[in-house]
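Take the sequence shown: its letters are residues 5 to 215, numbered as in this note's numbering. We put the beta carbon where it would ideally sit given N, CA and C, even for glycine. One structure below.
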Amino acid sequence: MAPNTIGFRITHRAMRGDTRRLARVMDGIAAGDEQADAARLKAIATFATKLCAGIHHHHKAEDDVLWPVIVRSAGAEVDLTDLTDDHTQLDPLLEEITQAAGRLGKDPAAPRRLAKNLGVLADLLDEHIEEEERLLFPIIDKYVSEADWHTVETEVRKGGDTAFDLPRMAQYARPEELAELRKAAGPVLGALIAVFSRGHRRRQRLIFGAV
């Protein structure tokens, strides 16, 4: 059987979706079209910081764990140069966003800086993830063993922020994907989603004005 890449696909969707949504919110705030009091700015700063940390954790796990597995499994069938170069561009951009987020409410230039960098990040993630899924997922399906893929997923989960990541996975999963995840993980997954989603929904309303 081919490895089940559903977790990666949902994670990619969540990273792209939240980065784009946050960029649009910050565009509105920077332009003066949306109001943001101290509580909203604090929620945005926390969300942006956690989002950047999650993106960094994901691409570092790809560099350190997934790429070696793919090279060992597929050999000459794969060239990771362009994808690795994209990862190199990400870290300074993620740091810029994190720093700008930390200056919200303190530096009048921070909203515009944050909006601009989030827009750049959203475009980069769209291009990078589309290329990664187009090029690598068929190779993973063909060459990577289930055992190796299980090792990759286990390592990727290490160091993640479950309270932040899990409700976003549930938010971005399609109904059939969420049903598949629940079936594989058992009742504990549903309980954790329920616990963590309450705080997630509050943050969503504060930042985006919607659940």
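#1: Could you tell me if residue 30 is buried or exposed, where buried requires 16 or more neighbouring beta carbons within 10 angstroms of its beta carbon?
#2: Given a cut-off of 8 Å on the beta-carbon distance, is the pair residue 98 and residue 23 in contact?
#3: Return helix, strand or coil for residue 146, following the three-state DSSP convention.
#4: Could you tell me the boundaries of the alpha helix (DSSP H) in which residue 86 lies?
#5: Please report the residue range of the alpha helix (DSSP H) in which residue 46 lies.
#6: Take every Cβ of the stretch 71–90, pair it with every Cβ of the stretch 160–175, and state whether three or more of those distances are shorter than 8 Å.
#7: Quick test of your reading: residue 52 and residue 105, contact by CB under 8 Å. State the CB separation rounded to the nearest angstrom.
#8: Could you check if residue 58 is buried or exposed, using at least 16 other CB atoms within 10 Å of its CB as the buried criterion?
#9: Ignore the nearest five residues each way along the sequence and tell me which others in residue 144's own chain have a CB closer than 6 Å to its CB.
#10: By Cβ distance below 6 Å, which residues in the same chain neighbour residue 108 in space, the five residues on each side in sequence not counted?
#11: Just tell me which of 116, 183, 209 has its CA closest to the CA of residue 36.
#12: Could you give the first and the last residue of the continuous alpha helix (DSSP H) run that contains residue 205?
#13: What did DSSP end up calling residue 4 once you bin it into helix, strand or coil?
#14: What residue does the alpha helix (DSSP H) around residue 169 start on, and which one ends it?
#15: Using a Cβ distance threshold of 8 Å, determine whether the stretch 118–132 contacts the stretch 78–97, with at least three qualifying pairs required.
#16: Quick check on residue 27 - is its C-beta less than 8 Å from some C-beta in chain B?
#17: Could you check the C-alpha separation between residue 215 and residue 196 for me, to the nearest Å?
#18: Comparing alpha-carbon positions, which option in 66, 101, 61 lies nearest residue 26?
The relevant details are as follows:
#1: Counting from one through the sequence shown, the residue named residue 30 turns up at place 26. Taking all protein chains in view, the Cβ of residue 30 is crowded by 16 or more other Cβ atoms within 10 Å, so the residue is classified as buried.
#2: By 1-based counting over the sequence shown, the position of residue 98 is 94. By 1-based counting over the sequence shown, the position of residue 23 is 19. Contact: no.
#3: Along the sequence shown, read from residue 1 onward, the residue named residue 146 stands at position 142. Three-state DSSP puts residue 146 in a helix.
#4: Here residue 86 refers to the residue found at position 82 of the sequence shown. In the DSSP annotation of this structure, the continuous segment of the alpha helix (DSSP H) that includes residue 86 starts and ends at 85–106.
#5: Residue 46 sits at position 42 when you count from the first residue of the sequence shown. Residues 42–65.
#6: For the pair of segments examined, the stretch 71–90 was found not to touch the stretch 160–175: the number of CB pairs separated by less than 8 Å stays below three.
#7: As a first step, residue 52 must be located in the sequence shown, where it is residue number 48. As a first step, residue 105 must be located in the sequence shown, where it is residue number 101. Rounded, the Cβ-Cβ distance is 4 Å, consistent with contact.
#8: Translated into positions along the sequence shown, residue 58 becomes position 54. Residue 58 should be labelled buried.
#9: To locate residue 144, count along the sequence shown from 1; it is residue 140. Same-chain partners within the cutoff: 7.
#10: Sequence index remark: in the sequence shown, residue 108 carries index 104 (1-based). Excluding sequence neighbours, residue 108 sits near 45, 49, 114.
#11: The count along the sequence shown starts at 1 and reaches residue 36 at position 32. Across the set 116, 183, 209, the C-alpha of 116 shows the shortest separation from the C-alpha of residue 36.
#12: Counting from 1 along the sequence shown, the entry for residue 205 is found at position 201. From DSSP, the alpha helix (DSSP H) with residue 205 extends over 191–212.
#13: Any property of residue 4 remains undetermined from this structure, which presents the chain solely from 5 to 215.
#14: Locating residue 169 in the sequence shown gives position 165, where the first residue counts as 1. 166–176 is the span of the alpha helix (DSSP H), which, as asked, contains residue 169.
#15: Three or more Cβ pairs drawn from the stretch 118–132 and the stretch 78–97 lie within less than 8 Å of each other, which places the two stretches in contact.
#16: Given the protein chain composition of this structure (a single chain), no chain B is represented.
#17: In the sequence shown, the residue the question calls residue 215 occupies position 211. In the sequence shown, the residue the question calls residue 196 occupies position 192. Interpretation of residue 215 is limited by its pLDDT of 49, a score under 50 that renders its predicted location unreliable; the figure taken from the coordinates is listed afterwards. Between residue 215 and residue 196, the C-alpha separation is close to 18 Å.
#18: Your numbering for residue 26 matches position 22 in the sequence shown. Selected option, being the one with the closest Cα: 101.
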